[in-house]
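So the protein sequences, as listed, match chains A and B. Per the numbering used here, residue 1 is the first one in the first sequence, and the count goes up by one each step. Per the numbering used here, residue 1001 is the first one in the second sequence, and the count goes up by one each step. Down below is the structure, laid out as structure tokens.
Protein chains: 2
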Amino acid sequence: MIDIASRVYNHNWKIDPIVRSLIDTDFYKLLMAQSVFLNKPKTQVTFSLINRARHIPLAKLIDERELRDQLDHIRTLSLSRGESTWLRGNMFYGKRSMFRAEFLEWFENLRLPPYHLEVKDDQYELTFEGDWPAVMLWEVPALAVLMELRSRAVLKNMGRFELQVLYARAMTKLWEKVERLRKVDDLLLADFGTRRRHSYLWQDWCVQAMMEGLGKKFVGTSNCLIAMRREVEAIGTNAHELPMVYSALAKSDKELAEAPYQVLKDWQDEHDGNLRIILPDTYGTQGFLERAPNWLSSWTGIRIDSGDPVKGAEAAISWWKSCGEDPSKKRVIFSDGLDEDMIAHLQSKFRGRVRCSFGWGTMLTNDFRGLVPDDALAPFSLVCKAISADGKPTVKLSDNPNKAMGPSSEIERYKRVFGVGEQVSQQIIV
Amino acid sequence: MIDIASRVYNHNWKIDPIVRSLIDTDFYKLLMAQSVFLNKPKTQVTFSLINRARHIPLAKLIDERELRDQLDHIRTLSLSRGESTWLRGNMFYGKRSMFRAEFLEWFENLRLPPYHLEVKDDQYELTFEGDWPAVMLWEVPALAVLMELRSRAVLKNMGRFELQVLYARAMTKLWEKVERLRKVDDLLLADFGTRRRHSYLWQDWCVQAMMEGLGKKFVGTSNCLIAMRREVEAIGTNAHELPMVYSALAKSDKELAEAPYQVLKDWQDEHDGNLRIILPDTYGTQGFLERAPNWLSSWTGIRIDSGDPVKGAEAAISWWKSCGEDPSKKRVIFSDGLDEDMIAHLQSKFRGRVRCSFGWGTMLTNDFRGLVPDDALAPFSLVCKAISADGKPTVKLSDNPNKAMGPSSEIERYKRVFGVGEQVSQQIIV
């Protein structure tokens, strides 16, 4: 049936917004924003877009006006009443009132700060500067906008039936993964795919497919808006930006060596149980664990986000044993570049030895590989990172040197302070 | 575009549920349920469907199997996580935590109790028996189911374009009312049309039309599910069932005379501000006000729900004056059989003298008069009332003898106790 009013309305859209809500973001961003709001509210940071896939000329593919329209639209967003109610009233990780009243009041009044956009060598140079708690909330929506604008740029040349067949194939592809994963015993899997998703609607579809297809093996999504609308758990703890910024602020090598642990000390003051998850790889997992203070061994688990995941999990197990802890009571969360094969492999390898769970990202929400000519919809590695704090550059070493970032002199200094030696490179797919 | 999966799924629906949520009900039902849960949780009540429009043979129009399927479906419903979160976290009437934890825990575990259904003289005899807090929650969904099944029975004989034109006309009709009401100065209008709506989707459309068309003149809806989804205020206070059941439980004429005030005493212990609204007409407004205790004059307002609304409002104004209260600071809520003409008339008559507001019901959400042959979609007066409490019959006198109910010997006794003399009959349209 033709609904003339809807059609006229649609014709007059200026833009079709990609991000329509401030909570269309990862849950851990909100937890971290609260932590920063309480501990380092005045730190001045710069976040910057980094396209690790230099061969994809984003500024040629995506129209600058469209990009600005989308970013400008995000700056008009504010927390809606229902969203605030959900943040206040919902149970997160078994706890009500996860967010403090003063933080929520700040969040309710927040509009995202200005952005700075330039074009250089067919790439966008997109940066955000200002107070850490506000600037950090740009990361996920900025990435989601660039990923979806790139999808749209490819899709707009396709015909109606071509499009229908494309999505039919993508759905079939995902459903086959779900059927495979359904057979993995004791699996616990969450959606971590917001930032590099194909599109919002597609991520929402993927979550619903997992809800139906995986039942209790699907434990939730990192996306707050989808968690709220689909009434599933919001999942996530913390990320590299905390140790990176704390480290940049360190005034001496001694303070620098302590910074990653100071992050977790502040975190421990606020959170317990399943929110006490160590992210050890910012400056090398091995050294981090060797120098870790005693109290850290009592934490609930470790997230493995770079390097060889088997080696990372084995390092965690050895460390727990050396501290007199029982690894089979500990959680290991794998979240780096997973696909269904790797998930099944890791689960069979570590099931029983530790409590495994999986944060499945880009290959869940953006696996359009092989579905269009020239693989023009294949996902790629785009990130948005804190590059400086109070005027000093940030550094990341990671367990994969291809993920390292920062000025080379600072990288050398960090390697010395954190005792990082030879590292094994791994190809970054997403 | 044809979505084969959706079509196959739709073909296999057993029923298309009319009520899909336990909060697809009036807000005042939840407030009253909490009050009853706290004050009279063990009172045994019987609620019964009453079709005041005897000329409409519901049992001939509506298939009994379909009715049972819908009622059975409602018995499978329970409060969802998101609904509970909303009830816990949302601000109602400017207050958070309107509902107590023990009530919400009870509500989260509630399934509606069994129903009893028989057919007699082409009418359905539908009754519900049990603990008051649970049984009372049948009223609104039972009415909504019967109203919508009657709509569907008429609609299923219509063709596709006929249907489209029908809704186009209904929308036009409502929009003309909205345009008329937009010009009424200082109007405050709420949707009270859940129980006798044409359908859920239509009520939801009406609310959205008022949001856009009336702006701040539209203050909210009595329907909790729509209030949650559309992020507007949930509106409502209390109803006749409280004085009716309290009165039935009275052990003497003296206790009976006190019962309507006892209701408000219990209410006052729990609520303040805009929730302190007197509903004076259960046993005659005039006598109720004459015998009212002093503390009642400090309440915020009065709801006029039967009789001549001008006379009712004038009686309230005189009473406030006699108590030394300033009527211009008091609220009068009109909620009986309103249409746009009456709303505009009452507003112009009482604006400035009192604070007016309007609860617009059936003629908002079910005005399909004149749109199909034989007026087969015109709304009619269907109610579901408490008819007994702990084995004793309930009585309602109202300010309109056509709305009176109860055994005639008891009606006479109540008239004597409450000093009700001659009353003026008014035609009941809805």
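No residue lacks a Cβ here, since even glycine has one placed at the ideal position from N, Cα and C.
On a Cα-Cα basis, can you pick out the residue from B:Asp-1336, B:Gln-1268, B:Ser-1199 that is closest to Lys-1403 (chain B)?
Position 403 of the second sequence, counting from 1, holds the residue named residue 1403 (chain B). Of the listed residues, the one whose Cα sits closest to Lys-1403 (chain B) is B:Asp-1336.
Tell me, please, which residues DSSP counts as bridged to Gln-44 (chain A).
Counting from 1 along the first sequence, the entry for residue 44 (chain A) is found at position 44. In the DSSP output, where bridge partners are listed per residue, Gln-44 (chain A) has A:Asp-131.
Would you give the residue range spanned by the alpha helix (DSSP H) that Tyr-1115 (chain B) belongs to?
Looking up residue 1115 (chain B) in the second sequence gives position 115. Segment 1115-1120 is the beta strand (DSSP E) holding Tyr-1115 (chain B); no alpha helix (DSSP H) there.
Would you tell me roughly how many angstroms separate the C-alpha atoms of His-1345 (chain B) and Thr-1282 (chain B), rounded to the nearest one?
Sequence index remark: in the second sequence, residue 1345 (chain B) carries index 345 (1-based). Sequence index remark: in the second sequence, residue 1282 (chain B) carries index 282 (1-based). Their Cα atoms are separated by approximately 25 Å.
Nearest by alpha-carbon distance to Leu-1031 (chain B): which of B:Ile-1343, B:Asp-1272, B:Glu-1410 is it?
Residue numbering aside, residue 1031 (chain B) sits at position 31 when the second sequence is read from its first letter. Minimum Cα distance to Leu-1031 (chain B) is reached at B:Asp-1272.
Residue interval of the alpha helix (DSSP H) (run including Ile-343 (chain A))
Translated into the one-based positions of the first sequence, residue 343 (chain A) becomes position 343. Element bounds for Ile-343 (chain A): 340-350.
In terms of residue numbering, what span does the alpha helix (DSSP H) encompassing Thr-285 (chain A) cover?
For this step, residue 285 (chain A) is matched to residue 285 along the first sequence. Where Thr-285 (chain A) is concerned, the enclosing alpha helix (DSSP H) stretches over 285-290.
Does the distance from the CB of Arg-1111 (chain B) to the CB of Ser-1097 (chain B) come in under 9 Å?
Locating residue 1111 (chain B) in the second sequence gives position 111, counting from the first residue. Locating residue 1097 (chain B) in the second sequence gives position 97, counting from the first residue. No, they are not a contact pair.
If you draw a straight line from the alpha carbon of Glu-1412 (chain B) to that of Arg-1303 (chain B), how long is it in whole angstroms?
Taking the first residue of the second sequence as 1, we reach residue 1412 (chain B) at position 412. Taking the first residue of the second sequence as 1, we reach residue 1303 (chain B) at position 303. Answer to the nearest angstrom: the Cα atoms are 25 Å apart.
In whole angstroms, what separates the C-alpha of Phe-47 (chain A) from that of Ala-239 (chain A)?
What you label residue 47 (chain A) is simply residue 47 of the first sequence in a count that begins at 1. What you label residue 239 (chain A) is simply residue 239 of the first sequence in a count that begins at 1. In a straight line, the C-alpha of Phe-47 (chain A) is about 14 Å away from that of Ala-239 (chain A).
Please classify Gly-975 (chain B) as buried or exposed, where buried requires at least 16 other C-beta atoms within 10 Å of its C-beta.
Because chain B spans 1001 through 1430 in this model, residue 975 (chain B) falls outside it and cannot be assessed.
Identify, in the order they occur along the chain, each residue of the same chain with its Cβ nearer than 8 Å to the Cβ of Arg-1230 (chain B), setting aside the five sequence neighbours on each side.
Sequence index remark: in the second sequence, residue 1230 (chain B) carries index 230 (1-based). The residues are Asp-1204, Val-1207, Gln-1208, Met-1211, Thr-1221.
According to DSSP, is Phe-1192 (chain B) helix, strand or coil?
Your numbering for residue 1192 (chain B) matches position 192 in the second sequence. If DSSP states are grouped into helix, strand and coil, Phe-1192 (chain B) belongs with coil.
Assign Tyr-1246 (chain B) to buried or exposed, taking buried as 16 or more other Cβ atoms, counted over all protein chains shown, within 10 Å of its Cβ.
Translated into positions along the second sequence, residue 1246 (chain B) becomes position 246. When all chains shown are included, Tyr-1246 (chain B) counts as buried.
Below 9 Å between beta carbons: does that hold for Thr-1300 (chain B) and Ile-1317 (chain B)?
The count along the second sequence starts at 1 and reaches residue 1300 (chain B) at position 300. The count along the second sequence starts at 1 and reaches residue 1317 (chain B) at position 317. No, the Cβ-Cβ distance between Thr-1300 (chain B) and Ile-1317 (chain B) is not below 9 Å.
Within 9 Å of any Cβ in chain B, is that where the Cβ of Met-342 (chain A) sits?
The residue given as residue 342 (chain A) occupies position 342 in the first sequence. Not closer than 9 Å to any Cβ of chain B, the Cβ of Met-342 (chain A) fails to qualify, so no.
I think Val-1219 (chain B) touches Ala-1190 (chain B), with their Cβ atoms under 8 Å apart; what is that distance to the nearest whole Å?
Start at 1 with the first residue of the second sequence, and residue 1219 (chain B) comes out as number 219. Start at 1 with the first residue of the second sequence, and residue 1190 (chain B) comes out as number 190. About 5 Å; that satisfies the 8 Å criterion.
Residues that DSSP places opposite Gly-301 (chain A) in a beta bridge
What you label residue 301 (chain A) is simply residue 301 of the first sequence in a count that begins at 1. DSSP, once it has assigned bridges, lists A:Ile-277, A:Arg-331 as partnering Gly-301 (chain A).
In whole angstroms, give me the CA-to-CA distance for Leu-104 (chain A) and Phe-1099 (chain B).
Residue numbering aside, residue 104 (chain A) sits at position 104 when the first sequence is read from its first letter. Residue numbering aside, residue 1099 (chain B) sits at position 99 when the second sequence is read from its first letter. Cα-Cα distance, rounded: 22 Å.
On the DSSP letters alone, give me the boundaries of the beta strand (DSSP E) that Leu-382 (chain A) sits inside.
On the first sequence, residue 382 (chain A) is found 382 positions in, with the first residue counted as 1. Taken as a continuous stretch (DSSP letters only), the beta strand (DSSP E) holding Leu-382 (chain A) covers 382-389.
Excluding the 5 residues flanking Ser-357 (chain A) on each side, which residues of the same chain have their C-beta closer than 8 Å to its C-beta?
Taking the first sequence and counting its residues from 1, the one referred to as residue 357 (chain A) is at position 357. The residues are Leu-188, Leu-189, Ala-190, Val-219, Arg-331, Val-332, Ile-333, Phe-334.
Identify the contact partners of Glu-1231 (chain B) in chain A, using a Cβ-Cβ distance below 8 Å as the criterion.
For the purposes of this step, residue 1231 (chain B) is taken as residue 231 along the second sequence, with counting starting at 1. Result: Ser-80, Arg-81, Gly-82.
Counting only beta-carbon atoms, is Met-1032 (chain B) nearer than 9 Å to chain A?
Here residue 1032 (chain B) corresponds to residue number 32 of the second sequence, with the count starting at 1. No, its Cβ sits nowhere closer than 9 Å to a Cβ of chain A.
Which listed residue (B:Val-1135, B:Ser-1306, B:Phe-1418) has its alpha carbon closest to that of Gly-1287 (chain B):
Here residue 1287 (chain B) refers to the residue found at position 287 when the second sequence is read from its first residue. For Gly-1287 (chain B), the nearest C-alpha among the options comes from B:Phe-1418.
Using the beta-carbon count (16 or more within 10 Å), is Thr-76 (chain A) buried or exposed?
For this step, residue 76 (chain A) is matched to residue 76 along the first sequence. So Thr-76 (chain A) ends up on the exposed side.
With a 10 Å radius around its C-beta and 16 neighbouring C-beta atoms as the bar for buried, classify Gly-215 (chain A) as buried or exposed.
Here residue 215 (chain A) is taken as the residue at index 215 of the first sequence, counted from 1. By the neighbour-count rule (16 or more Cβ atoms within 10 Å), Gly-215 (chain A) is not buried but exposed.
9 Å Cβ cutoff met for Val-1045 (chain B) and Val-1135 (chain B):
Locating residue 1045 (chain B) in the second sequence gives position 45, where the first residue counts as 1. Locating residue 1135 (chain B) in the second sequence gives position 135, where the first residue counts as 1. Yes; because the gap between Cβ atoms is below 9 Å, this pair is in contact.
In angstroms with no decimal places, state the Cα-to-Cα distance between Gly-1421 (chain B) and Ser-1328 (chain B).
In the second sequence, the residue the question calls residue 1421 (chain B) occupies position 421. In the second sequence, the residue the question calls residue 1328 (chain B) occupies position 328. Approximately 30 Å between the Cα atoms of the pair.
Compute the Euclidean distance between the alpha carbons of Phe-107 (chain A) and Leu-79 (chain A), then round it to the nearest angstrom.
In the first sequence, counting from the first residue as 1, residue 107 (chain A) sits at position 107. In the first sequence, counting from the first residue as 1, residue 79 (chain A) sits at position 79. For Phe-107 (chain A) and Leu-79 (chain A), the distance between alpha carbons rounds to 7 Å.
Residues that DSSP places opposite Lys-396 (chain A) in a beta bridge:
One-based indexing of the first sequence puts residue 396 (chain A) at position 396. Answer is A:Met-405.
Going along chain B, which residues have a C-beta under 8 Å from Trp-299 (chain A)?
To locate residue 299 (chain A), count along the first sequence from 1; it is residue 299. Per Cβ cutoff of 8 Å: no residues; Trp-299 (chain A) is ~28 Å from chain B at best.
Going by C-alpha to C-alpha distance, which of B:Met-1405, B:Pro-1379, B:Trp-1360, B:Leu-1061 sits closest to Asn-1157 (chain B)?
Residue 1157 (chain B) sits at position 157 when you count from the first residue of the second sequence. Ranking B:Met-1405, B:Pro-1379, B:Trp-1360, B:Leu-1061 by Cα distance to Asn-1157 (chain B) puts B:Leu-1061 first.
Proximity test, Cβ basis, 9 Å: Asn-1366 (chain B) and chain A:
For the purposes of this step, residue 1366 (chain B) is taken as residue 366 along the second sequence, with counting starting at 1. So, not an interface residue.
Determine, using beta carbons only, whether Ile-18 (chain A) and Tyr-200 (chain A) come nearer to each other than 9 Å.
As a first step, residue 18 (chain A) must be located in the first sequence, where it is residue number 18. As a first step, residue 200 (chain A) must be located in the first sequence, where it is residue number 200. In contact: Ile-18 (chain A) and Tyr-200 (chain A) (Cβ atoms closer than 9 Å).
So is Arg-1197 (chain B) in contact with chain A if we call contact Cβ pairs under 9 Å?
On the second sequence, residue 1197 (chain B) is found 197 positions in, with the first residue counted as 1. No, Arg-1197 (chain B) does not count as interfacial toward chain A.
State whether the region 1306-1313 of chain B contacts the region 1339-1353 of chain B, with contact taken as three or more CB pairs (one from each stretch) at a distance under 8 Å.
yes
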